[in-house]
Every structure is written in structure tokens, then in C-alpha cells.
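Number of protein chains: 4
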Amino acid sequence: MEYRVKDLGLAERGKLQIEWAERNMPVVARMIRERFEREKPLKGIKVGAVLHVTKETAALVRTLKAGGAEVRLAASNPLSTQDDVAAALVKDGIEVCAWRGMNEDEYFSCIEFVAKWEPDIVIDDGGDLHAMLHDKFPSIAGKVWGGTEETTTGVIRLRAMEKQGVLKYPVIAVNDARTKMMFDNRYGTGQSTFDGILRATNILVAGKVVVVAGYGWVGRGIALRAKGLGARRVIVTEVDPIRALEAVMDGFEVMPMREAAKVGDIFITATGNKAVIRKEHMELMKDGAILANAGHFNVEIWIPDLEELATEKREIRPCVTEYRLKDGRRIYLLGEGRLVNLVCAEGHPSEVMDMSFANQALSVEYLVKNKGRLPAKVYNVPLEIDQEVARLKLKSMGIEIDELTEEQKKYLESWKLD
Amino acid sequence: MEYRVKDLGLAERGKLQIEWAERNMPVVARMIRERFEREKPLKGIKVGAVLHVTKETAALVRTLKAGGAEVRLAASNPLSTQDDVAAALVKDGIEVCAWRGMNEDEYFSCIEFVAKWEPDIVIDDGGDLHAMLHDKFPSIAGKVWGGTEETTTGVIRLRAMEKQGVLKYPVIAVNDARTKMMFDNRYGTGQSTFDGILRATNILVAGKVVVVAGYGWVGRGIALRAKGLGARRVIVTEVDPIRALEAVMDGFEVMPMREAAKVGDIFITATGNKAVIRKEHMELMKDGAILANAGHFNVEIWIPDLEELATEKREIRPCVTEYRLKDGRRIYLLGEGRLVNLVCAEGHPSEVMDMSFANQALSVEYLVKNKGRLPAKVYNVPLEIDQEVARLKLKSMGIEIDELTEEQKKYLESWKLD
Amino acid sequence: MEYRVKDLGLAERGKLQIEWAERNMPVVARMIRERFEREKPLKGIKVGAVLHVTKETAALVRTLKAGGAEVRLAASNPLSTQDDVAAALVKDGIEVCAWRGMNEDEYFSCIEFVAKWEPDIVIDDGGDLHAMLHDKFPSIAGKVWGGTEETTTGVIRLRAMEKQGVLKYPVIAVNDARTKMMFDNRYGTGQSTFDGILRATNILVAGKVVVVAGYGWVGRGIALRAKGLGARRVIVTEVDPIRALEAVMDGFEVMPMREAAKVGDIFITATGNKAVIRKEHMELMKDGAILANAGHFNVEIWIPDLEELATEKREIRPCVTEYRLKDGRRIYLLGEGRLVNLVCAEGHPSEVMDMSFANQALSVEYLVKNKGRLPAKVYNVPLEIDQEVARLKLKSMGIEIDELTEEQKKYLESWKLD
Amino acid sequence: MEYRVKDLGLAERGKLQIEWAERNMPVVARMIRERFEREKPLKGIKVGAVLHVTKETAALVRTLKAGGAEVRLAASNPLSTQDDVAAALVKDGIEVCAWRGMNEDEYFSCIEFVAKWEPDIVIDDGGDLHAMLHDKFPSIAGKVWGGTEETTTGVIRLRAMEKQGVLKYPVIAVNDARTKMMFDNRYGTGQSTFDGILRATNILVAGKVVVVAGYGWVGRGIALRAKGLGARRVIVTEVDPIRALEAVMDGFEVMPMREAAKVGDIFITATGNKAVIRKEHMELMKDGAILANAGHFNVEIWIPDLEELATEKREIRPCVTEYRLKDGRRIYLLGEGRLVNLVCAEGHPSEVMDMSFANQALSVEYLVKNKGRLPAKVYNVPLEIDQEVARLKLKSMGIEIDELTEEQKKYLESWKLD
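Next up, the structure:
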């Protein structure tokens with residue numbers, strides 16, 4: 001058994017963490033796991049996963065294993081691994097390569113650890129595993145049965161690969177499942193982004209001007225929570241006119257970043273793009289502006305520009321770097337511009353990951369069942385899976401819903417004048 | 001010139017109404033109209049429309065005419081015609097068949113008035129024109145170039161026709177345009193439903209328990225406004241688990257109607273289905289419960305059941321019918337179970353219809369441009385049209401948005417590890 | 001029996017209206033009335049009232065009468081009388097002087113009709129009856145046992161009289177009761193102001209910039225509902241720094257009116273002061289700005305300035321006057337700058353007035369019981385009355401609350417270290 | 001110089017913490033401090049303070065010192081001291097007796113350390129210093145010029161003392177200042193309570209049922225944030241009918257705790273009373289219920305009952321104690337039932353304390369200026385101080401407000417018919 005983690009001695013604490021997470025993940029850790037244990041649908045399958053190594057990921061991995069899979073796991077972000085959880089997973093028989101505070105070489109070597117293992121199914125978060133397989137190990141990629149992708153960023157990359165005709169295996173865009181997006185991108189990131197900001201800064205949101213770059217599902221959730229926490233103004237910046245209009249209709253202000261830069265107290269990026277906040281904006285900001293990123297990669301706030309503008313730099317609190325500019329203004333960058341919820345807080349609440357990972361578990365099962373039948377394209381999560389996840393979740397919350405009567409079903413199929 | 005309206009003498013008042021509406025419809029009545037006047041893209045085209053004959057519809061029809069079209073217009077609901085507007089349109093050269101308070105025969109005879117005219121392009125709201133063309137005048141239907149549909153209800157019917165292989169011309173589901181749905185189904189109906197309820201009843205929403213049946217775009221808007229107006233509890237009923245879960249995550253309670261029936265003060269249906277509130281529910285309601293419908297047809301609240309349960313019935317206020325049940329409880333039905341916003345208030349605000357009708361105008365132009373090229377299916381509004389509508393609307397509001405830099409565009413197309 | 005109303009023939013319709021109102025006023029029209037009928041606490045007392053003559057006021061007046069009082073009633077606003085209700089009240093034996101559309105002389109002559117009757121107890125709404133008694137009929141004022149006042153505006157005037165030492169009888173500031181303010185000033189006016197604006201204009205609130213002048217209870221309610229209806233920006237103007245700060249913390253923007261004037265779509269005044277919107281602001285407004293007043297008197301929007309600036313003026317819709325300015329801009333004034341909820345809609349919902357008028361009824365009873373014992377000052381509603389009103393209201397809604405245990409009561413009285 | 005802290009070596013880190021806090025406290029740490037430095041209004045005064053020893057308290061203490069005072073400081077809670085800040089204050093010349101994790105004896109010995117020093121002015125948070133002075137050192141209490149009190153709990157105790165005629169010096173109820181309550185009790189505790197809950201549990205609030213006991217300012221803030229974070233139901237329990245009704249009108253459900261106990265996921269107490277959640281409620285709770293306290297003392301959740309019901313108990317995460325009951329249900333108690341925002345997070349954001357402590361600083365100055373002139377009663381913060389704090393805060397945020405014109409001032413003083 002191969003693995004590389006920080007300290008196996010942390011396993012006991014990690015076990016408690018996983019127990020806490022699983023209590024809040026009834027769909028993955030109880031409902032699906034019980035069926036997987038009975039049915040063993042993943043028997044003998046090699047699942048290679050690149051995910052944030054957290055207590056919630058542990059719940060998924062343990063469910064895949066309960067279904068019969070062998071699992072290798074690497075970190076999808078150099079700063080997001082919970083070392084105690086990693087240790088507990090190794091004790092549980094999972095081959096993990098992950099520790100908090102990896103450098104870039106170490107980060108890629110762990111992904112390679114998964115790629116070279118020649119997995120049948122790959123699970124990725126951000127697309128680095130998919131990219132490495134296609135770019136560096138095309139012959140291994142050619143043997144992969146199928147994959148899944150957890151994030152918007154990753155799906156954008158995969159669609160680019162699909163469009164360029166280079167994609168070598170079918171990928172299910174778990175990110176786009178409705179039960180994933182509503183929980184994870186919207187309500188999960190909405191809450192956990194502010195959790196990260198508050199742990200880092202302990203500031204009061206009420207009375208502040210919050211600028212949210214991007215009005216996809218993540219940006220929506222952040223804007224909603226900013227308002228829910230009492231922000232005086234919530235300003236959205238967008239490049240897409242439909243989304244911009246939707247932000248306006250949802251009760252937010254919309255303006256270009258060069259205007260927002262002048263008035264914001266807190267800036268949060270959630271676009272999936274690079275250099276959304278850059279020199280031209282930093283030059284306009286107020287003294288004390290706080291910058292945080294909720295997008296997958298640390299490129300949305302363009303740090304090289306900040307470094308160039310600054311004359312001094314220090315860590316004033318954990319997770320808060322103060323940049324002092326030539327004119328004396330100070331700008332505060334949280335979590336080095338990486339995912340603020342993962343780096344400065346604990347990432348998504350377990351309930352959120354319960355939905356995402358239920359889609360992951362059932363999508364992996366679907367890929368196994370449909371081995372060889374799916375052309376190499378990017379797929380939506382099948383509607384039945386999405387609905388099944390919703391149904392299980394409602395059941396776990398004790399919520400019952402209506403059912404169509406026979407007469408109603410008939411009515412929905414009719415179209416004639418009567 | 002043929003027409004049938006209530007009283008041409010109302011035309012002056014109708015003109016003022018249209019002026020007021022057009023002031024709030026800059027996209028249809030100024031931006032698109034000015035281009036249509038220059039370019040005449042609809043020159044000589046016969047457009048047959050079945051729409052609510054309101055001041056906003058007048059703005060659309062006048063823009064189609066400015067583009068060169070001949071237009072015939074019938075009412076899409078027996079109770080929704082604004083007679084002054086109908087008169088003003090006739091004075092303007094539009095052939096209108098519509099008056100408030102038609103009976104069912106008159107209603108269908110007006111739709112026939114449009115159908116038999118052999119229109120090139122048809123615009124419908126609810127699907128009765130499409131249904132009549134296919135069911136009663138198939139040879140005319142066979143010559144139609146294409147059509148559009150304004151409502152969820154109509155699109156459901158058209159998709160049923162498509163599925164059954166009987167659809168005879170391409171139809172653009174204007175209802176499903178993002179710029180239509182967000183304004184119209186969500187924010188338009190959300191506000192105007194409560195406008196109708198308040199005009200009818202003058203009750204205070206704060207402190208009440210509001211039950212919303214259906215959590216599509218319309219139901220979402222209603223639930224949101226119920227909360228925004230201070231309802232103590234907002235309860236959603238659904239048959240779809242994903243939507244039900246979304247309602248929960250949006251902060252609403254979800255339960256079956258048989259539970260909600262016991263605690264609701266105000267019930268609003270928005271499902272597109274029939275008998276959503278029926279005998280079994282009415283039997284459980286509190287004394288004084290108020291029932292309103294926001295769906296297209298007056299079948300969601302099953303009135304035959306109410307009539308059967310009641311021992312007495314009177315109109316206690318305009319738009320409010322009191323049913324007294326055997327056990328003394330009273331149930332109040334608003335607007336005879338028809339669309340409460342149209343029957344008890346003025347329908348959608350003009351700003352809303354500006355978006356819907358901008359999509360209509362540009363979709364009609366698209367159908368003309370693509371005559372003969374589109375197989376007989378139900379189409380989404382082309383993304384370019386949707387975006388163009390959003391762009392024009394933002395411009396009319398004086399709102400500017402960001403643009404992608406060249407470097408950002410390149411970034412979005414890349415996928416490799418770098 | 002003396003009276004002056006529009007048309008006694010409207011009485012039947014008025015009776016239905018009153019029935020509808022009383023259904024939504026369980027505290028005044030059922031709970032208190034039943035006790036008053038039994039106990040007759042107002043037997044033989046002459047109660048002179050100047051109130052908006054609406055269906056809700058009818059419920060109060062009928063309860064006072066049930067308690068044994070004789071009642072004379074005049075209108076507190078020239079445009080707010082519901083003529084059918086006035087007629088029904090006369091049929092019920094109340095001496096009413098009120099009709100919709102009085103001129104100023106008629107308005108004051110009706111107040112005189114109440115004043116000269118030499119009432120024992122006076123109920124006022126706005127303070128004109130109190131002012132007339134003190135200013136024109138001081139000897140009658142000297143014989144009044146006590147009075148009540150319904151509005152912020154009236155209480156401000158009475159406190160000025162108290163401060164100047166001229167007040168001749170004790171007055172209970174019903175306006176300031178917590179159960180009055182939370183329902184009436186905040187949630188009642190909040191909802192009904194927008195009801196008035198929507199009936200007048202049928203515009204969409206979502207996406208608009210709403211400016212609220214004044215952040216007292218009324219302004220708070222309006223700002224909250226503006227947000228609840230989806231306004232893009234809600235801007236508050238204030239002169240009091242504490243209230244201004246509270247608005248900021250409640251999530252609103254605060255700025256001086258001269259800044260707000262430039263960006264607002266809809267302006268609503270709720271300050272109790274004059275000329276809050278005046279020439280200097282009108283000159284800065286956007287084409288199409290809408291002005292509405294929610295304060296008691298039509299002085300908050302300074303109409304003489306608007307008249308002076310305008311070159312043309314017309315009624316474009318009922319309740320909407322268009323002023324065209326020299327530079328072509330148009331400004332829309334709703335309801336002639338009078339209380340928009342009363343003039344353009346139906347005033348407060350009955351539920352609201354149930355609270356206000358429960359306080360009125362119990363305060364009148366209190367004044368009678370304490371005849372001669374209260375020095376001529378402005379009094380708060382006694383806490384027991386306020387609590388009793390809350391208790392009755394909760395009971396009518398079927399809501400139960402906790403009670404302190406004996407141990408908890410003891411704990412609240414202790415202060416020592418233990 | 002006397003002091004007792006954990007480790008002076010932490011002073012450097014404490015200094016950074018204080019710097020961060022002071023950046024967010026412009027009123028106390030810049031505006032008032034600059035004036036105090038110039039005017040030295042507290043020259044030679046001994047100020048004895050019992051406060052949470054946090055970075056924000058450091059800012060207050062440093063401003064008092066800048067005004068010329070000598071200060072002694074003890075912890076107002078055994079678990080809330082930030083040891084690094086305590087160390088930094090000692091280095092700054094303040095006599096501190098405080099460390100995190102004191103036992104009860106140590107806690108009271110530190111308060112005694114302040115009391116026996118014979119302070120001229122006392123600042124208290126919770127009332128233990130006031131109680132000790134009156135109960136154990138009455139002769140010292142007799143020499144105190146005056147005091148202030150920061151909390152609702154403390155003010156309740158002081159009013160009990162006043163009512164019983166035992167209060168020996170004037171006390172200003174800083175807690176009741178409007179600029180204190182709106183920031184601190186409402187928005188400060190609202191946010192920081194959830195900050196504490198999220199750090200302890202990392203759960204998702206969206207979709208949950210949150211029960212808030214008490215609807216004073218603190219409870220209001222918590223209920224508002226619960227809704228703002230997406231809770232499915234927010235249930236309020238109250239003993240006061242007016243507050244209960246206000247909760248209903250604010251859009252919350254109200255019911256007795258014995259009903260709420262059955263459906264809540266998260267319970268938060270904010271009543272200032274004891275045993276608000278007790279055995280009879282715990283017996284009804286769902287498996288997994290989470291209990292947190294936001295009130296001053298750890299008596300609101302009655303822990304002896306929990307201990308009695310439980311068969312097992314363990315710390316599953318930092319700040320989370322799991323009680324396993326006889327029937328297998330688990331109940332999670334956060335922060336041992338102490339103030340969850342202080343124990344599991346960092347207490348109030350600095351911005352909040354800026355307002356509270358600005359009132360403290362100016363109230364201390366007021367007590368010094370009015371030495372000997374104020375009878376021994378509980379006083380509100382003088383309106384001028386409250387307004388001055390608001391004015392300074394708005395200025396620090398760059399927010400300008402309107403001013404009354406001369407004509408408007410005159411209008412507000414007039415009352416006659418004109």
C-alpha cells in the first residue's frame with residue numbers, strides 16, 4: 001500500500017472528524033452506502049480521485065470502497081488538505097497522497113500518483129487530473145472508462161477539450177447537476193465564503209459595501225448571503241448581459257469593476273476567469289479594501305499586480321496579508337487569493353458535499369454500468385440520478401411532497417381544446 | 001377592415017394608456033421599433049396574434065406594424081381585455097376581436113377570426129390558437145411559416161404535440177427565454193399576483209401563512225414576494241423532488257397540500273396543472289381561507305368541488321366570491337379562479353412585457369428570416385436574441401457591464417496545465 | 001340626527017364593506033365589542049372623532065357605540081372618505097360629516113361640526129381637531145375630558161402645544177403604542193404605500209431605485225417593502241444621525257436628498273416635515289421620476305415648486321399627474337401629493353387598523369375611567385393596554401406563547417452573586 | 001504594577017491583533033482618542049473595568065488611558081480572554097487580571113482585584129463587579145463616583161437593585177444606547193452568534209429549522225441572520241406578548257418552546273433568563289439537535305438537566321460536546337452553554353465594539369464631569385452622546401446626511417391650522 005500524508009498519528013482525530021461529517025451526510029454515508037454495501041456495484045473497479053482531502057471527501061471515498069472499489073486519492077489544492085482526515089483514510093486502506101502546504105511540484109506529483117496508477121474511473125475537481133491524463137499520459141487516458149468533474153472551472157476546461165476534439169473518455173459534469181449546483185455552488189459557497197472571510201478578518205458585514213465579481217451560481221449565492229448578512233450595498237460585476245440583468249432583477253447593483261473598485265469594502269471573485277481584479281482596479285480601491293477569491297484557481301485576483309504595486313507586505317492575522325501601496329493605502333488579501341472558504345475556513349459544510357458526492361457516487365456507478373457505451377463527450381448528470389438525489393435528501397430531512405393524480409398526469413399530456 | 005370591440009369611443013383613453021405603457025417599454029416601443037421602422041423586416045407579413053389585449057400588447061402590435069406587418073389580434077382570456085386599449089388599436093388600424101367579459105363561444109369565435117385569416121406567423125398565449133389550427137384547421141396550419149408561444153402552459157401543450165408527432169410548423173418557446181422568464185414568470189407574476197390579491201381583498205400579508213402550489217419560475221416569484229411582503233410562513237407544495245428541494249434551500253417550507261391546507265391563510269396556485277386544490281383540501285381549510293390562481297387556466301383550483309361543498313355563494317367585494325360551506329366555514333375565491341393578476345389587477349407591469357415582447361418581436365423577425373429552414377419542432381429562443389434583449393434593456397436602464405479582455409478570452413479557451 | 005354624506009343610497013354596499021373589514025378585525029369588532037356590549041363602559045359619553053372615514057373606522061365607531069357612546073364623525077382628509085361606508089354609518093345611527101372630494105372649507109366645516117358638538121372625548125388623526133379646539137373654541141376645549149391622537153404628525157403638534165404650555169386636556173398618543181406602530185406605521189404603511197403606487201402606475205418595483213425620505217417607523221416599513229419587492233437600490237435620506245446609522249445597518253444606502261435626487265426612479269416621503277422634496281431636488285431628477293407621499297399632510301413634496309418648474313400638466317392615468325418641465329423632463333406626482341395609500345388605494349388593511357383602533361377603543365375607555373385625574377399632558381398608551389392588545393391579537397391568530405416559571409420570575413428579580 | 005496574565009511572551013502577537021481591531025474602530029481608536037489626548041478629561045481618574053479581555057477592549061482601555069485615566073482590567077467571562085491581547089495590554093501599562101480558562105474562584109478573585117483597588121469609575125459587563133461592590137464591599141461602593149453597564153443582563157440586575165433601593169452610585173446603562181443596541185445586541189450578536197456556531201459545527205444553515213428563544217434586540221438580530229443565511233423556518237419563543245407579536249409581524253413563527261423543541265435543528269437562547277431550555281424540552285428534541293447560548297450567563301440552557309438525561313458525554317469537535325441520552329438520541333451543546341460567539345469565535349466584530357465602547361468612553365467622561373451631581377439611579381446614555389457617536393460613525397464611513405432648513409425647523413414647532 002502506497003501513500004504520502006503528513007502524520008499517521010493524527011488518524012484518531014481524523015476519525016472523529018469523519019464521524020461528524022458523516023452524521024451530516026445521510027445520503028452518501030447512510031442511504032447510498034447501505035445499498036452499495038449490499039450490491040457491490042463497483043467491485044474491483046480502480047477509482048482515481050483528485051479532490052480536496054476533507055472529512056466530506058472521506059465520506060465519499062468510504063462509500064465508493066463500500067461499493068467494492070479500490071481508491072487512490074490526491075489533493076486538488078495545495079492548501080486544502082485536512083491532515084488528520086488524510087491519516088484516518090490511510091488507516092482505512094485508502095492510498096492517499098496529500099498534505100496541507102504542498103509546493104507546486106509536490107502537488108503535481110500527487111496527481112501523477114493517481115494518473116500513473118491507471119485508474120478505470122477518474123474523479124476530478126478543477127480538471128488538473130483530466131488535463132494531465134490527456135496532456136502527459138495520453139495512452140493511459142485512452143484506457144480510462146469515464147470520469148466526472150466537480151467544478152465549473154473543470155467543466156469549462158473539459159468543454160474546451162471536447163470542442164477541440166481531444167477528449168478521450170466520457171465525462172459527467174457533476175458540477176452541473178441541479179442538486180449539486182443549488183447546494184454547492186450557490187448555498188454552500190455562499191455561506192462558506194463568508195465563513196472564510198469572517199474567520200480571517202472578524203469584520204462586521206452589516207453596513208459594508210460588498211462587490212461580487214461574477215453572477216453564476218457561486219456569485220449568486222455569495223451576493224444573496226452578503227445581503228442576508230446585512231451589507232449596505234451588494235454590487236455585482238458581469239460580462240454576460242443576461243446574467244447582469246438577472247442580478248439587477250434580483251435586487252443587486254450592477255456596474256463595471258472600474259466603478260465598483262472605488263466604493264467596495266470587500267471584493268469577492270467568482271468568475272472562473274483570470275485577472276478579474278487587476279492593477280487598474282487596485283489603483284482605485286479605498287484604503288483597507290479586502291480581497292477574497294471564491295473561484296477554483298488563485299488567478300482571479302491578479303497577485304503579480306498587487307506585488308508590483310506594493311512597497312511592503314506582512315501577515316497581520318492568519319489568512320490576512322497586508323499589502324501597503326506606494327501612496328500609503330493598504331489592501332488586504334485573504335488566503336493568498338486561493339479559495340477563501342477552503343483555505344481560511346473548513347470548506348463546504350458537510351450537507352452540501354452530501355449532495356455533490358451523492359451525484360459523484362451515482363455517476364461513477366452509472367459510468368461503470370455504461371462502460372463502452374458512451375462516446376467521449378461531456379455529459380450532464382442523468383436526470384434520474386439528479387432526481388434520486390433530491391428524493392433521498394428530502395427523505396432524510398423528513399419532508400414529504402405531493403404526487404400527481406392519474407387525472408393530473410393525463411391532463412399534462414393533453415393539448416386539445418376540450 | 002374587420003374588428004369587434006366593446007366601444008370605439010374609449011379609444012382616447014386607450015391612447016393615453018398605451019402612451020403610459022410605452023414609456024415603460026423602451027426596448028419594444030423605442031429601440032426595436034426604431035430599427036423596424038427603418039428596416040421593415042416584416043413587410044407584407046400577416047401576423048395573427050392571440051394575446052391578452054392590454055396596453056402592453058398594444059406596444060408589441062404597434063412595433064410589428066412599424067416593421068411592416070399586418071396584424072390581427074384576439075383575446076387570450078375572456079376577462080383580460082382592456083376595452084379602451086382595444087378601441088385605440090382599432091383606430092390605429094389593427095383588426096381586433098376582443099372585449100372584457102366574453103362567454104366561451106365568443107372567446108373561441110375570436111380565435112377563429114385570427115385562425116381563418118390564414119396568418120403567416122402566429123403568436124399565441126396559452127396555446128389555444130395553436131391547438132385550434134392543428135385540431136380544426138389543419139390545412140391552414142400546414143401553411144403557417146412559424147409561431148411563438150408566450151406561456152409555460154402553452155409550451156407544455158406544444159411539447160406534447162411535438163412528442164406525438166403532430167406539430168405542423170416550428171414554434172419558438174418565447175416563454176423559455178431567460179430574459180422572459182426572469183422578468184415575466186418570476187418577477188412580473190410575483191408582483192402582479194399580490195397586486196391582484198391586494199386590490200381584491202386589501203388584506204395585510206405580514207403575519208399571514210401563504211401557500212404556493214408549484215415552484216416553477218412563477219411559483220418562485222410568488223414565494224419570494226410573499227416573503228418580501230412579510231408573510232409569517234411561506235409554504236410550497238410540489239410534485240418534483242428537485243424543485244421541492246430547491247424550495248427548501250431557498251428558505252421555504254415544503255409539505256403536501258393536504259398538510260398545507262390546514263394552516264394556510266392564502267393559497268396561490270401556479271402549477272400549470274388541474275385540480276391542484278380540490279375537495280379533499282377544501283375540507284381541511286380554515287374559516288376565511290383565500291384562494292387565488294396565478295396559472296394560465298382556471299382549472300388549478302377545482303371550482304366544481306367548491307360549488308359542490310358550498311351551501312351559499314355571494315360576491316362580497318368585486319373580485320371576491322364568498323362560498324359558505326355546510327359547516328359554516330367560508331372560503332373566498334378571487335377572480336373566479338382565473339389569473340388573479342389579470343382579472344383583479346392590471347396584469348403584468350409594462351417593464352415585464354417589454355422583455356417578453358422584445359423576445360416576441362425578434363422571434364417573429366427570426367421566423368420570417370428563416371422561413372422554410374426550420375423543421376416543425378419547438379425551439380428555444382436563440383441565445384443571440386436573448387442576449388440582445390438583455391443588452392438593450394441594460395442600456396435603457398443606463399447600466400454598463402464589464403467586457404472580457406483579450407487575455408481573458410484566451411484563458412477561457414485554454415485547458416492545459418501550464 | 002344631523003349628518004352630511006354623499007348619497008345614502010350607497011349604504012347597502014357600505015354595509016358589505018364593513019362586514020368584510022370586521023372579519024379582518026377580530027380584536028376591535030369581536031373581542032372588545034363583546035365586552036363593551038356587556039359592560040357599557042362608555043354609556044352616555046359623547047365621542048367626537050375626526051378620522052379617515054373608511055370601513056375600518058366604521059368598525060371602531062360601531063364598537064364605541066356598542067360600549068354606550070354617542071359618536072360624531074368627520075373626515076380627517078378631503079380625499080379619503082369611502083362614501084358607501086359613510087352612508088352605512090348614518091343608517092347605523094352615527095352622525096357623519098364626510099364625503100370624498102371636499103374642498104378646504106368643507107373639510108374644516110366638518111371638523112367644526114364635531115368640535116361645536118362639545119364632545120367629552122375627542123379622537124383625532126393628524127391634529128386638526130385638537131388644533132381647532134384650542135385655537136378657535138378654547139372654552140369648549142376646556143371642557144373636554146381627554147383625547148387621543150392617531151398619527152405621528154398629530155403627536156408632534158400636540159407635543160409642541162404641551163411644550164408651549166397651551167394644551168388644555170390630556171391626550172393619549174395612540175400613535176406611539178408599540179402594537180400600533182409596528183402594525184400601522186411600519187407594516188401597514190409599508191404595504192399600502194406600495195399598493196397605492198402600484199394601483200396608480202402599475203410599474204415593476206424590481207430593478208428600480210427607490211428613495212425613501214425619513215426613517216421613522218413609516219419610512220422603515222416602506223424601505224423594507226421596497227427591498228421585499230425587489231428594488232435594485234433602496235436609498236434613505238434622514239436628518240437624524242442615529243436613524244441614518246440605523247438605516248445603514250439595516251442594509252440601506254444613506255445619502256443627502258440632493259444626491260439621491262439624481263438617481264431615484266421612485267421617491268416616497270415619510271418625514272412629517274415640509275418641503276422635503278423641493279425645487280433644488282426636482283431640478284436634478286431623471287426624466288420619468290415618480291413622486292409619492294406617505295406622510296400625513298401634502299406638504300412633504302413641495303407642489304408649488306413643481307407647479308413653478310412645469311410648463312404643462314395633465315392627468316395621464318387616474319392618480320398620476322404628469323408635470324412636463326422646461327427641459328422636456330417629465331415628473332409624475334401621485335395622488336396630488338396626498339397620502340398615496342389612502343388616495344390611490346384603500347388605505348391600511350383592516351388587520352392594521354384592528355390594532356390601532358383596539359388601542360383607540362381601550363384608550364377612550366381609560367380616559368373615561370380616569371376622568372379628572374390626568375393633568376393636561378401628552379401620554380403614552382398605558383403598557384397594560386398595549387400588552388392587552390397584543391394578547392388579544394395573538395389569541396385571534398391562534399398563536400400561543402411561553403410563560404415565565406416561578407423560578408424564572410425569581411431569577412429576574414435577583415442580582416446578587418450566588 | 002500588578003497583573004496576572006497567561007504569558008507576557010504573547011505580547012507581540014497581541015499588539016498586531018490590537019492594531020487590526022483599531023483599524024476597524026475609527027470612532028474609539030482615532031476620533032475620540034485624538035480628542036482625549038488633547039483634552040485629558042480623565043486625568044488622574046481610576047477606572048476599574050470588568051470586560052471581555054479582547055482586542056477591542058484593548059482599544060477602549062488605551063483610549064481611556066490616552067484621556068489620562070489609570071485602568072485596572074479583569075475578565076468578565078472565564079473563557080473569553082484573548083491571552084495575547086492581555087499580555088500586550090500589560091506591556092502597555094495596564095494592570096490586567098485575566099486569562100482564558102479560569103475557574104470560578106480565579107474569576108471572582110480577578111473581579112476582586114478591581115473592586116479592592118477602590119476605583120473612581122467602574123465599567124462592568126454583566127453586573128458581577130457592581131454586585132460584588134454592593135454585596136461584599138459596600139464601603140468601597142459608597143465611594144464610587146459612578147459606573148456603566150454594557151449588557152442587558154447587567155442592566156436587569158441594576159434595575160432590580162435600584163427598585164430595591166440598594167444602589168449606591170449612578171450607573172449609565174450603556175447597553176441601552178441606541179447606537180450600542182443596534183450594532184451590538186442586534187447586528188453584532190446576530191452575526192457573531194452564527195460565526196460561533198459555524199466555527200464549532202461547520203453545518204449549513206440553509207434548509208435548517210432554527211429556534212430563537214427571546215426576541216429582544218439580540219434575539220431579533222439572530223432571527224434576522226438565521227433567515228439571511230437561508231434557514232427554512234425561523235421560530236421565535238417569547239413570554240412578552242408585544243415582542244411575540246412583533247416577531248410574527250417581522251415574518252417569524254412564534255410558538256411555545258415545548259412545540260418548538262420537537263421541530264428545531266438549532267436552538268439559540270437570548271433571553272437573559274434561566275432554564276429557558278430545560279428537561280421538558282430536551283426530552284422532545286430530535287436526534288442531533290444543536291444547542292447554543294447567546295445570552296450573558298450559561299444558565300439559559302439548563303445544563304444540569306442535560307447532564308441528568310445523558311448516559312454518555314464526549315467532545316466530538318472543539319466547542320462541541322455530544323450528550324447521548326438514554327434513548328440513543330444525541331444532543332450537541334456548543335461552548336458549554338456559554339456565550340457562543342465569544343467562546344467558539346472571536347466575539348463581536350471590532351466595528352460593533354467601536355460603537356459600544358464609544359458610548360463607554362463618552363459615558364465615563366460624562367460621569368467624571370458630573371461627579372456628585374447624579375443621584376444613585378440607572379440612567380440612559382444622554383441623547384447627545386448617542387447622537388455624537390452616530391455622527392462620528394457616519395463620518396468615518398464617509399456618509400453624509402441631510403440637514404433641516406430653517407423653514408423646516410419652524411414647521412416642526414408649529415401646530416396651528418394655517
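Chains as they are written, first to last, in the UniProt record's numbering: chain A, 1 to 418; chain B, 1 to 418; chain C, 1 to 418; chain D, 1 to 418.
Here a beta-carbon is modelled for each residue, glycine too, at the ideal position from N, C-alpha and C.
Test: residue i CB closer than 9 Å to a CB of chain B
{"i": "C:Gln17", "result": "yes"}
Within 9 Å, strictly: CB atoms of residue i and residue j
{"i": "B:Ala115", "j": "B:Ile140", "result": "yes"}
{"i": "D:Ser356", "j": "D:Asp184", "result": "yes"}
{"i": "A:Arg33", "j": "A:Ala66", "result": "yes"}
{"i": "D:Ala87", "j": "D:Lys180", "result": "no"}
{"i": "A:Leu204", "j": "D:Ser80", "result": "no"}
{"i": "D:Trp99", "j": "D:Asp124", "result": "no"}
{"i": "A:Val320", "j": "A:Ile268", "result": "no"}
Short CB-CB distance (under 9 Å) between residue i and chain A
{"i": "residue 468 of chain C", "result": "No information on residue 468 of chain C is available, as it lies outside the stretch 1 to 418 that chain C covers here."}
{"i": "D:Ala345", "result": "yes"}
Contact set between residue i and chain A, taken where Cβ atoms lie within less than 7 Å
{"i": "B:Gln408", "result": "Asn273, Lys274 and Ala275"}
Close-in-space but distant-in-sequence residues of the same chain around residue i (CB under 8 Å, 5 per side omitted)
{"i": "A:Leu284", "result": "Arg258, Ala261 and Lys262"}
Cross-chain neighbours of residue i in chain A, by beta carbon under 8 Å
{"i": "C:Phe252", "result": "Arg232"}
Neighbour list for residue i in chain B, Cβ cutoff strictly below 7 Å
{"i": "A:Tyr411", "result": "Asn273 and Lys274"}
Listed by chain order, chain A residues near residue i by CB distance under 9 Å
{"i": "B:Leu133", "result": "Under the 9 Å cutoff, chain A gives no residues; its nearest Cβ is about 11 Å from B:Leu133."}
Reference residue i; option with closest CA among the options
{"i": "residue 421 of chain C", "options": "C:Lys395, C:Leu64, C:Val166 and C:Gly142", "result": "Residue 421 of chain C lies beyond the range of chain C shown here (1 to 418); nothing can be said about it."}
{"i": "C:Asp402", "options": "D:Val85, D:Pro241, D:Val211 and D:Arg225", "result": "D:Pro241"}
{"i": "D:Ala247", "options": "B:Trp217, B:Gly207, B:Val28 and B:Pro170", "result": "B:Gly207"}
{"i": "A:Glu253", "options": "B:Gly398, B:Gly337, B:Lys313 and B:Ala361", "result": "B:Gly398"}
{"i": "B:Ala21", "options": "B:Val352, B:Pro138, B:Ile277 and B:Gly295", "result": "B:Val352"}
{"i": "D:Lys55", "options": "D:Ile301, D:Lys371 and D:Ala75", "result": "D:Ala75"}
Contacts that residue i makes with chain D (C-beta to C-beta distance below 8 Å)
{"i": "C:Thr237", "result": "Ile401 and Asp402"}
Neighbourhood of residue i by C-beta distance below 7 Å, restricted to the same chain and skipping five residues each side
{"i": "C:Leu306", "result": "Met282, Tyr323, Ile331 and Leu333"}
Any C-beta of chain D under 9 Å from that of residue i
{"i": "C:Ile242", "result": "yes"}
{"i": "C:Leu394", "result": "yes"}
Residues near residue i in its chain [Cβ-Cβ closer than 6 Å; skip 5 each side]
{"i": "A:Lys326", "result": "Thr311"}
Interface flag, residue i vs chain C, CB-CB below 9 Å
{"i": "D:Asp386", "result": "yes"}
Cross-chain neighbours of residue i in chain C, by beta carbon under 8 Å
{"i": "B:Ile222", "result": "Under the 8 Å cutoff, chain C gives no residues; its nearest Cβ is about 13 Å from B:Ile222."}
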